[in-house]
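Student:
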Amino acid sequence: MIVLERSERELVSACQRGESEAFRELFETFRDKVYSIALRYSGDRAVAMDISQDIFVKLFSSIRDFRGDSSFETWVYRLVVNSCLDHRRKHWRLVPMAAEVLGSLRTSGDSLAEMLRSEFSAGIRAAVDRLAPDLRIAVILRYTEGLSYAEIADVLGCSPGTVASRLNRAHKALERRLSHLVGKEGQHV
Amino acid sequence: MSDWLELELAEELRPVAAPDELWERVRHAAIAPSASAVVVLPPSRSASWARLPVAAILTLAVAAATLWLVARGQGTALDLRQLAIQELRGNRKLTIESASTAEINDWMRRETGFDPALPERSGVQLTGARVVEKSGVRVGEVCFRVGDEKAVLLVARAVQPMELAHGRAAWQIHGVSYALATSSTEHPEVACQLCHSVL
Chain V
372 MIVLERSERE LVSACQRGES EAFRELFETF RDKVYSIALR YSGDRAVAMD
422 ISQDIFVKLF SSIRDFRGDS SFETWVYRLV VNSCLDHRRK HWRLVPMAAE
472 VLGSLRTSGD SLAEMLRSEF SAGIRAAVDR LAPDLRIAVI LRYTEGLSYA
522 EIADVLGCSP GTVASRLNRA HKALERRLSH LVGKEGQHV
Chain S
19 MSDWLELELA EELRPVAAPD ELWERVRHAA IAPSASAVVV LPPSRSASWA
69 RLPVAAILTL AVAAATLWLV ARGQGTALDL RQLAIQELRG NRKLTIESAS
119 TAEINDWMRR ETGFDPALPE RSGVQLTGAR VVEKSGVRVG EVCFRVGDEK
169 AVLLVARAVQ PMELAHGRAA WQIHGVSYAL ATSSTEHPEV ACQLCHSVL
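Chains as they are written, first to last, in my numbering: chain V, 372 to 560; chain S, 19 to 217.
1. Between which two residues does the beta strand (DSSP E) holding residue 211 of chain S run?
2. Since residue 387 of chain V meets chain S, which of its residues come closer than 8 angstroms, beta carbon to beta carbon?
3. At a Cβ threshold of 8 angstroms, is residue 542 of chain V touching chain S?
4. DSSP has residue 195 of chain S in a bridge; who is on the other side?
5. Could you work out which residue in S:201, S:167, S:175 and S:123 is closest to residue 154 of chain S when comparing CA atoms only?
6. Beta-carbon within less than 7 angstroms of residue 511 of chain V's beta-carbon, same chain only, minus the 5 sequence neighbours each way: which residues are those?
7. Using a Cβ-Cβ cut-off of 8 angstroms, state whether residue 199 of chain S counts as contacting chain V.
8. Do residue 120 of chain S and residue 172 of chain S have their C-beta atoms closer together than 8 angstroms?
9. Are there 16 or more other CB atoms within 10 angstroms of the CB of residue 157 of chain S, so buried, or fewer, so exposed?
10. Cβ of residue 100 of chain S less than 8 angstroms from any chain V Cβ?
11. Do you know offhand how far residue 541 of chain V's Cα is from residue 488 of chain V's?
12. Tell me the residue span of the alpha helix (DSSP H) that contains residue 518 of chain V.
13. What would DSSP say about residue 159 of chain S, mapped onto helix, strand or coil?
14. Is there a C-beta anywhere in chain V that falls below 8 angstroms from the one on residue 30 of chain S?
15. Could you check how far apart the C-beta atoms of residue 36 of chain S and residue 99 of chain S are, in whole angstroms? I think they sit under 8 angstroms.
16. How would you list, in chain order, the residues of chain S whose beta-carbon sits under 7 angstroms from the beta-carbon of residue 511 of chain V?
17. Classify residue 112 of chain S as buried or exposed, calling it buried when 16 or more other Cβ atoms lie within 10 Å of its own Cβ.
18. Buried or exposed for residue 133 of chain S, please, with buried defined as at least 16 other CB atoms from any protein chain shown within 10 angstroms of its CB.
19. Where do the N-terminal and C-terminal ends of the beta strand (DSSP E) with residue 395 of chain V fall, by residue?
20. Quick one: measure Cβ to Cβ for residue 115 of chain S and residue 165 of chain S, integer angstroms, because I've assumed they're closer than 8 angstroms.
21. Measuring alpha carbon to alpha carbon, tell me which of V:493, V:519, V:421 and V:383 ends up nearest residue 41 of chain S.
22. Between residue 33 of chain S and the ligand NAP, is the CB less than 7 angstroms from at least one heavy atom?
23. Quick one: what's got a C-beta closer than 6 angstroms to residue 555 of chain V's C-beta in the same chain, skipping five residues either side?
24. According to the neighbour-count rule (16 or more other Cβ atoms, all chains shown, within 10 Å of its Cβ), is residue 387 of chain V buried or exposed?
25. With DSSP run on the structure shown, which of helix, strand or coil describes residue 111 of chain S?
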C-alpha cells in the first residue's frame, strides 16, 4: 500500500485545485509503478517511456474526474491498464532471445552460466510478451505489483474467479512455451 | 502451477525505477498546445532525484529469489509470499536495527502483537525488524542474514484458514501466518536456520 507524504485525499484535492507541487508529489509517488507496468507490458524501454508519459498527462488532466468511488491507487491502476491495452506497439523486439544472448557474448568475462541465465531470462520475457493482452496484464499486476486476485479484479473490473482463470491460462501457456528451457525439476537446461 | 515458474516470473517481472527524464517529458507534454488540458507543473528537482531505492532494487534483483520448498498455497498464503519477495528486494529502512533476539522478540510483540519466539541460538545474523501495512493487514517483518544471503520472515494474523503445514515457504500455526524469503537461489533452505540451527 502506498503511503503518501500527505493524506491521499489532501493530495488529490490539491491536484484538483491545480497546485503544481501536488502534481509533482503525485508523480513521485506513482512514477515507478506506472513505468514498471508499462515496461513489463511493452517489453521496450522507449515504448514504456511513451506510455508512462501519456498516462501521467492523462492522470493530471483528468484528475478532476476522480470522485473517490474507489481508492485513488485503484483509479491510477485502471488508467495505466487502459493505456497499456490501448497502446499500439511501435517497436516490436526483434528476435529478443538472440539479441539478449548476443549482447551477453559481447561482454568480456561472462561465464557460460551467465549466458545461459541471460537466455533463460530473455526466454521468460519473450514468452510473457507473447501472451494475449488480457492475460499479460493480469500476470504483470500479479508479479510486478504483487496485487491479490481481489485487487486485480477491482482494477480490471471483473470477478476474482476470472482473474484466477486468466492467471491459470497464462501459467499453462508459459510452462508450455518454456518447457524446452527447463528440466523436470525446474532447473535450467 | 510450477514453483519455478512463479519464482522466475517474480524475478523477471520485478518492478524497476523510472528514468529521471520522465518528469521533464511529462512536464513538456502537459504544457504542449496539443495537450488535452494544460497543467502547470514545476521544473525538475535536482538533488532530490537521486533515489537510493533504485540502486538497492537493481543490486538485489540479481540474486533475489524466495524459498519455494513445496508450497502450493492459494489466496492469502500466496500474497504473503509475494509480499516477502517484495520486501526482500525493497531494501526499506528498518524500524529497529538489532542483532539481539530478545530485543527483536520484544519489539515484535510490542508493535504487532505477535510473538515470533525466535530462539536465542541460531545460525543466522539478525539485522532488525519493521512493520509493513498491506491491504489493511499489519505484517511484522524480521530481517536477517545467513552468510552473504539476505532473508526475511513475515508474520501476520491469518485472515482465513489455510492448509499450509510448517516446513513450507508459507505456513500457518495457531491463527498466525508466516512466510520466508531469501536471496539464496542455490540453497533457499538456509533461511530456516532462523529457528532451526540444525537442518
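We put the CB at the ideal spot given by N, CA and C, even for glycine.
Tutor: The short version:
1. First-last for residue 211 of chain S: undefined, no H or E at that position.
2. Per Cβ cutoff of 8 angstroms: no residues; residue 387 of chain V is ~11 angstroms from chain S at best.
3. yes
4. S:174 and S:190
5. S:175
6. 408, 411 and 412
7. no
8. no
9. buried
10. yes
11. 22 angstroms
12. Element bounds for residue 518 of chain V: n/a, residue is neither H nor E.
13. strand
14. yes
15. Actually they are not in contact, since the Cβ atoms of residue 36 of chain S and residue 99 of chain S sit about 26 angstroms apart, beyond 8 angstroms.
16. 31
17. exposed
18. exposed
19. Where residue 395 of chain V is concerned, there is no enclosing beta strand (DSSP E), although the alpha helix (DSSP H) it sits in stretches over 391-413.
20. With a Cβ gap of about 19 angstroms, residue 115 of chain S and residue 165 of chain S do not count as contacting.
21. V:421
22. Annotation note on the ligand NAP: not contained in the displayed structure, which lists no ligands.
23. For residue 555 of chain V, the predicted model reports a pLDDT of 49, less than 50, meaning its position is unreliable and no value from the coordinates is stated.
24. exposed
25. coil
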